[in-house]
Amino acid sequence: QQPVQSPQAVILREGEDAVINCSSSKALYSVHWYRQKHGEAPVFLMILLKGGEQKGHDKISASFNEKKQQSSLYLTASQLSYSGTYFCGTDPHTGFQKLVFGTGTRLLVSP
Amino acid sequence: EAQVTQNPRYLITVTGKKLTVTCSQNMNHEYMSWYRQDPGLGLRQIYYSMNVEVTDKGDVPEGYKVSRKEKRNFPLILESPSPNQTSLYFCASSFSGRRGDTQYFGPGTRLTVL
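Sequence order for the protein chains is R and H.
Sequential numbering of the first sequence, starting at 3, is according to the numbering used here.
Sequential numbering of the second sequence, starting at 38, is according to the numbering used here.
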């Protein structure tokens, strides 16, 4: 079952912050975040493996609440290059990797 | 350069004409997978392979076949394409397929079936 992402779309001005949420109805082992530019392949951002784990690089970070079966991606001081569609991929406890992706959140950062 | 390659990148074909989309990775990855991406539906897994000669169905396998005769290659075969298979297809690979592995995506193949 696909995880649910919210919001479906968001428009920001450069420098503003955004939060993208990913919720699953199933228990999760890990959450993967990807960004996809129009017409290009998804690009890996980060994996969160443990409940409560937080990660980040540059001004993009994420948290994973295993008990709540949800993850959030935080984009701070957004840049034009952050524009794209963000996908979470969830990995239920099946013994091997079988990512199920959300339907994506479209982010547009304007000058 | 470590990468996943797909060919062709664009393909327009007609209903019923068999086609193959190739996928190759040079990272010695054991796990490979095919996804299709449709507007509003995100990425959905078609088939995956844990290693040579080991393949299994994903969430939307109907109308597709795969094979894994060599570790580096994982072709996607459409025996009799139909218009509802018009989509953007991505191949991906990861080191072992174990939980927590990063999946690396190919550039995509845009398929149109008339």
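In this text, a Cβ means the ideal position worked out from N, Cα and C, and glycines have one as well.
> Taking Cβ-Cβ distances shorter than 9 Å, what residues in chain H pair up with D19 of chain R?
Replying inline: Neighbours of D19 of chain R on chain H: none; closest Cβ ~24 Å, over 9 Å.
>> Quick check on DSSP: helix, strand or coil for Y84 of chain R?
In response: Reduced to three states, the DSSP call for Y84 of chain R is helix.
> When you compare only the Cα positions, how much space is there between K102 of chain H and K28 of chain R?
Replying inline: In this structure, the CA atom of K102 of chain H is about 29 Å from the CA atom of K28 of chain R.
> Using the beta-carbon count (16 or more within 10 Å), is R15 of chain R buried or exposed?
Replying inline: Answer is exposed; the Cβ neighbour count stays below 16.
> Nearest-angstrom Cα distance between L47 of chain R and S25 of chain R?
Replying inline: The alpha-carbon separation between L47 of chain R and S25 of chain R amounts to approximately 18 Å.
> Do the region 120 to 136 of chain H and the region 55 to 66 of chain H touch if we need at least three Cβ pairs shorter than 8 Å?
Replying inline: Result yes; three or more Cβ-Cβ pairs closer than 8 Å.
>> According to DSSP, G95 of chain H sits in a beta bridge with which residue or residues?
In response: BP columns for G95 of chain H are empty, so no partner.
> Along chain H, in chain order, which residues have C-beta atoms closer than 8 Å to that of G2 of chain R?
Replying inline: With chain R running from 3 to 113 in the structure shown, residue 2 of chain R is simply not present.
>> I want to verify the contact list: residues of chain R whose CB lies under 7 Å from the CB of Y47 of chain H, in sequence order.
In response: Here the premise fails: no neighbours, minimum Cβ distance about 11 Å.
> So, is the C-beta of P98 of chain H closer than 8 Å to a C-beta in chain R?
Replying inline: The beta-carbon of P98 of chain H is placed no less than 8 Å from the nearest beta-carbon of chain R.
>> So, at 7 Å on beta carbons, what are the nonlocal neighbours of S32 of chain R in its own chain, with the 5 sequence-adjacent residues on each side left out?
In response: I49, L50, L51 and D93.
> Do V6 of chain R and G104 of chain R have their CB atoms nearer than 8 Å?
Replying inline: Closer than 8 Å, so yes.
>> Using CA atoms only, rank isn't needed, just tell me which of H:C60, H:N44 and H:G77 is closest to Y84 of chain H.
In response: Answer by Cα proximity: H:C60.
> Can you give the Cα-Cα distance for D93 of chain H and Q10 of chain R, rounded to whole angstroms?
Replying inline: Cα-Cα distance, rounded: 31 Å.
> Under the three-state reduction of DSSP, which class applies to Q62 of chain H: helix, strand or coil?
Replying inline: Reduced to three states, the DSSP call for Q62 of chain H is strand.
>> I want to verify the contact list: residues of chain H whose CB lies under 8 Å from the CB of S32 of chain R, in sequence order.
In response: Within chain H, the residues near S32 of chain R are R136 and G137.
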